[in-house]
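Q: Below you'll find the structure I mean.
There are 2 protein chains.
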Amino acid sequence: MMHINLFIFGCGHHRAAWRHPGSAVESLGDIAYYEQLAQIAERGKLDAIFFADGHSTDNLTDGPRWFLEPLTMLSAISRATRHIGLISTVSSTFYTPFHAARMVASLDHISNGRMGWNVVTSMFDTEARNHGFDTMPGHDWRYARAEEFVDVALSLWDSWQDGAPQMDRQGAYVKPESIHSIDHKGEHFRIDGPLTVPRPPQGHPVLFQAGASEQGRDLAARRAEAIYAVAYDLAAAQEYYRDIKRRVKAAGRHDFVPIMPGLVTYVGSTQAEARARQRELDELLPAQDALRQLGMYVGCDCTGWELDAPVPSLPALEAFKGPKGRYATVLRIINTEKPTVRQLLGRLAAGGGHCTMVGTPEQIADEMERWFLNEGADGFNLMPPTLPGGIDDFVEQVVPVLQKRGLFRKDYQTETLRGHLGLARPCARN
Amino acid sequence: MMHINLFIFGCGHHRAAWRHPGSAVESLGDIAYYEQLAQIAERGKLDAIFFADGHSTDNLTDGPRWFLEPLTMLSAISRATRHIGLISTVSSTFYTPFHAARMVASLDHISNGRMGWNVVTSMFDTEARNHGFDTMPGHDWRYARAEEFVDVALSLWDSWQDGAPQMDRQGAYVKPESIHSIDHKGEHFRIDGPLTVPRPPQGHPVLFQAGASEQGRDLAARRAEAIYAVAYDLAAAQEYYRDIKRRVKAAGRHDFVPIMPGLVTYVGSTQAEARARQRELDELLPAQDALRQLGMYVGCDCTGWELDAPVPSLPALEAFKGPKGRYATVLRIINTEKPTVRQLLGRLAAGGGHCTMVGTPEQIADEMERWFLNEGADGFNLMPPTLPGGIDDFVEQVVPVLQKRGLFRKDYQTETLRGHLGLARPCARN
């Protein structure tokens, strides 16, 4: 079975989604909005909802970025849902393991075993400068810290044996031998333990990671229980999928580690209708701003480009002097999709390097099935261009097709996120 | 009008409460239990519920201490209630201001303006050793950090103007001039800002403090908007009350700063019934453990003391070599209440130095009124010896008497914690 996850972001993953007259931009501070999104996803029997997180505000003229904080949101959402998993991003660079382990454990109890945490090392100097740094610490330092962070968190969760609170009214609340300190003294952290929270219902809340760099892939292979990926097309997805599965095996792990690339979908009753939806959003982008931003990506002045003409030719990747990653994405979109300038701006504004599928429910299900059956994906991290519309469309129209084909569950069979993902409950590690 | 706050702690504030056959000890990991307590308090029109917090596990054989983490709990509880304020302890020693300000602001949005934060500097080496310290940093360092912590948090909340998200679909989501960085570089923190969360509904979530030491009282006088206190009797309450009100004025503040001493109540339809309830709990204490612990407080071996005899005479305070605070409490209880050994153990097991009132609803209301009218208290921080029983008794029996006397609201008149406490909404500070 496929695993499907809803990535909740503002009014949707298209940068202009909030500009639509019907957008929920006025509700971004209202927890009921997020509860409703989670309920739609749960109606579709999705595995989980997921929140990214950032620690700085940037480009707020362009659109909403962050509003509520994800861990606090997920507690409320857990009470408005019953089955669906709840995943929060946690920065190992800005948090400390005790805080993170304690909050995530608490949320796993509150949600009866539905929590996941997506460990990121964060990226931006503006974020670092909200946490005492002058600039973002280097990649090596961040990844070394991330791995130690994860290990300490797991140890803290295991510092209480399952069932440690024996609650013997005539005797002890906890038998002393059923909890233990962890006495960790590492490169980055010094923590005695035990945690203040008993072992979470899932043992360990499910650890997600999105390793892209060499170190990221290795950390994911060694530690992650599920992986988010960026894959522009099936070929890229397969390259990543096979590489990670190989690394997982090389790390001596024999467990199933689902890989879930991001997926932007525009659903319509015909392909033309789906394309019209995409175009409607693309046209909401303030073109001059988007052209200025594109200019920074491709290293030339684009402000005079004609919106409905084909994209002018650009130098090859090797000849480009600036950051290659984003430039490669631009070239790939141009070469594969032959877009107009406006279409290119729209593609970059919704998911960027992530896969985009535009079509009827059957067409989208076909494509998802192709990825699923051909070592491209064990599931998908849905990034609807608009919310709630985009997830409602997916749940109402695409999910039934996947269910009919036996590719997706018709109802929840388990009560925990770990259960939905087919992952075993880990024993305590000591 | 009085302000009344429910301090939620485990199965109640009596250390043996969990041992009662009817206790909710099996529910301490179940968020529904805390939601129910908040709902009872809201039925009684109380100002707020409050959670203490600690970062280590100690004496877990003796009884439950911490379980769920308070910030994550309060989000869920906010969705199970509509009016009551929600106060979480936040350690300024272990948190950093960006995390704390962000979470508390998020919760203020989620709860529509009902959040308060009780700043503590924490106390125990065992806690410090979960956060990278070898021992607890000194008192001066902790208080200097706390004051800087509070100031940075307030600045972060003010880094968005009210209504900054203008949400102009044809223009900007936020006008650049309506948010600003804070560029804080202080002794303890370096934070650029702005926050990622728009200004909280209350402007600033309400700042509580419980200053006892000189530095604590000064910090409370300069910064706190409401104050928790420890007062054994009316005389002690008045000393504290007058001292703090004087310091508030000396700090140049003319606003109302409610002072709320802790209060343990045993309610019965007769005084004898109330006393019987107290005795029933006291008898659940494992006597030998309690005597051993008492021995540490008073510096002699108490394990041979007869439980139902009067307390043997003890040396005067001046002659005592160990920690004076707790010893003074013991002497005061002995001198004022002439308790048996078992009664002394019970008093120390429930609130310790806090005021205890035992009697009929009218007797308790009389006493509360006396404190309220005589510069002892602007309200109370209720510490029911058992939960949910103790708060249910209070709400069903004592609240109606206070309401009848015009001492307590019959219904909520406002929608925010700030409103319930009679505090103005602060303007942004820059």
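Chain order of the listed sequences is A and B. The numbers in full-length UniProt numbering rise by one with no breaks, and the one at position 310 of the first sequence is 310. The numbers in full-length UniProt numbering rise by one with no breaks, and the one at position 148 of the second sequence is 148. Glycine included, each C-beta is placed from N, C-alpha and C at the ideal position. Bear in mind the structure is a predicted one, so any value in this text is a computation, not a measurement.
Since residue 21 of chain A meets chain B, which of its residues come closer than 8 angstroms, beta carbon to beta carbon?
A: By Cβ distance, chain B contributes 169.
Q: Quick check on this structure: which residue in A:35, A:167, A:240 and A:280 has the alpha carbon closest to the alpha carbon of residue 21 of chain A?
A: Nearest C-alpha to residue 21 of chain A: A:280.
Q: Suppose only complete runs of 4+ residues qualify. What are the alpha helix (DSSP H) ranges in the stretch 14 to 59 of chain A, listed by chain order?
A: Those alpha helix (DSSP H) runs which fall completely within the stretch 14 to 59 of chain A and span 4+ residues are 31 to 43.
Q: So what does residue 359 of chain A bridge to, in DSSP terms?
A: Per DSSP, A:267.
Q: By the criterion of Cβ-Cβ separation under 8 angstroms, what are the contact partners of residue 103 of chain A in chain B?
A: Within chain B, the residues near residue 103 of chain A are 69, 71 and 72.
Q: Would you say residue 98 of chain A faces chain B, with C-beta separation under 8 angstroms as the test?
A: Yes, contact with chain B.
Q: Extract the residue ranges of the alpha helix (DSSP H) inside the stretch 256 to 339 of chain B, only unbroken runs of 4 or more that lie entirely within it.
A: For the stretch 256 to 339 of chain B, whole alpha helix (DSSP H) runs of length 4 or above, ordered along the chain, are 271 to 282, 287 to 298 and 324 to 337.
Q: Can you check whether the C-beta of residue 261 of chain B is within less than 8 angstroms of a C-beta belonging to chain A?
A: Closer than 8 angstroms: no.
Q: Assign residue 115 of chain B to one of three DSSP states: helix, strand, or coil.
A: Strand at residue 115 of chain B.
Q: Assign residue 154 of chain B to one of three DSSP states: helix, strand, or coil.
A: Helix.
Q: Using DSSP bridges, identify the partner residues of residue 165 of chain B.
A: BP columns for residue 165 of chain B point to B:174.
Q: Residue ranges of each alpha helix (DSSP H) run of no fewer than 4 residues wholly in the stretch 193 to 219 of chain B, ordered along the chain?
A: Fully enclosed alpha helix (DSSP H) runs of 4 or longer: not present.
Q: Anything in the stretch 189 to 212 of chain A with a Cβ closer than 8 angstroms to a Cβ of chain B? List those residues in chain order, please.
A: Those residues of the stretch 189 to 212 of chain A that come within reach of chain B (Cβ to Cβ, closer than 8 angstroms) are 189, 190, 191, 192, 193, 194, 195, 196, 197 and 198.
Q: Three or more beta-carbon pairs under 8 angstroms between the stretch 349 to 362 of chain B and the stretch 403 to 417 of chain A, yes or no?
A: With a cut-off of 8 angstroms, the stretch 403 to 417 of chain A and the stretch 349 to 362 of chain B do not count as touching, because too few Cβ pairs lie within range.
Q: If I measure Cβ to Cβ from residue 287 of chain A and keep anything under 8 angstroms in the same chain, skipping five residues before and after, which residues do I get?
A: Result list for residue 287 of chain A: 307, 342 and 345, in chain order.
Q: Quick check on the burial criterion: 16 or more other C-beta atoms within 10 angstroms. Buried or exposed for residue 45 of chain B?
A: Residue 45 of chain B is buried by the Cβ-count criterion.
Q: Please determine, among B:371, B:165, B:82 and B:393, the residue with the shortest C-alpha to C-alpha distance to residue 273 of chain B.
A: Checking every option, the nearest Cα to that of residue 273 of chain B belongs to B:393.
Q: Using only the alpha-carbon positions, how far apart do residue 268 of chain B and residue 7 of chain B sit?
A: Rounded to the nearest angstrom, the two C-alpha atoms are 21 angstroms apart.
Q: Determine the direct distance from the alpha carbon of residue 389 of chain B to that of residue 101 of chain B, and round the result to whole angstroms.
A: Looking at the two C-alpha atoms, the distance is approximately 34 angstroms.
Q: Could you tell me the boundaries of the beta strand (DSSP E) in which residue 416 of chain A lies?
A: It is not in any beta strand (DSSP E) - residue 416 of chain A carries neither H nor E in the DSSP assignment.
Q: Would you mind telling me which residues of chain A sit closer than 8 angstroms to residue 342 of chain B, beta carbon to beta carbon, in chain order?
A: Under the 8 angstroms cutoff, chain A gives no residues; its nearest Cβ is about 18 angstroms from residue 342 of chain B.
Q: Quick check on residue 120 of chain A: does DSSP put it in helix, strand or coil?
A: Looking at residue 120 of chain A - three-state DSSP - the assignment turns out to be strand.
Q: Between which two residues does the beta strand (DSSP E) containing residue 89 of chain A stretch?
A: Residue 89 of chain A -> beta strand (DSSP E) spans 85 to 91.
Q: Measure the Cβ-Cβ separation of residue 260 of chain B and residue 221 of chain B and say whether it is below 8 angstroms.
A: Against a cut-off of 8 angstroms, the Cβ pair of residue 221 of chain B and residue 260 of chain B comes out as no contact.
Q: Starting from the beta carbon of residue 121 of chain A, find every residue of chain B whose beta carbon is closer than 9 angstroms, and list them in chain order.
A: Simply none; closest approach about 17 angstroms.
Q: With DSSP run on the structure shown, which of helix, strand or coil describes residue 407 of chain A?
A: Coil at residue 407 of chain A, not helix or strand.
Q: Any heavy atom of the ligand COA closer than 7 angstroms to the beta-carbon of residue 89 of chain B?
A: Ligands are entirely absent from the displayed structure, and the ligand COA is therefore not among its contents.
Q: Do three or more CB pairs link the stretch 112 to 121 of chain B to the stretch 88 to 104 of chain B at distances below 8 angstroms?
A: Enough Cβ pairs lie closer than 8 angstroms, so yes.
Q: Compute the beta-carbon to beta-carbon distance between residue 3 of chain B and residue 47 of chain B, rounded to the nearest angstrom, for a pair I have assumed lies under 8 angstroms.
A: Correct: roughly 5 angstroms between the Cβ atoms.
Q: Using a beta-carbon distance below 8 angstroms, is residue 283 of chain A in contact with chain B?
A: Answer no: the Cβ-Cβ gap between residue 283 of chain A and chain B never drops below 8 angstroms.
Q: Residues bridged to residue 190 of chain A by DSSP?
A: DSSP output for residue 190 of chain A lists A:185 as bridge partner(s).
Q: Three or more C-beta pairs under 8 angstroms: does that hold for the stretch 103 to 115 of chain B against the stretch 186 to 204 of chain B?
A: Yes, the stretch 103 to 115 of chain B is in contact with the stretch 186 to 204 of chain B.
Q: Which value, in whole angstroms, describes the spacing of the CA atoms of residue 105 of chain A and residue 9 of chain B?
A: Taking the straight line from one Cα to the other gives about 19 angstroms.
Q: Let me see if you follow: with CB-CB separation under 8 angstroms, is residue 61 of chain B close to chain A or not?
A: Interface residue, yes.
Q: Does the beta carbon of residue 141 of chain B come closer than 8 angstroms to any beta carbon on chain A?
A: Not an interface residue.
Q: Using a Cβ distance threshold of 8 angstroms, determine whether the stretch 156 to 174 of chain B contacts the stretch 126 to 138 of chain B, with at least three qualifying pairs required.
A: Not touching, per the Cβ criterion.
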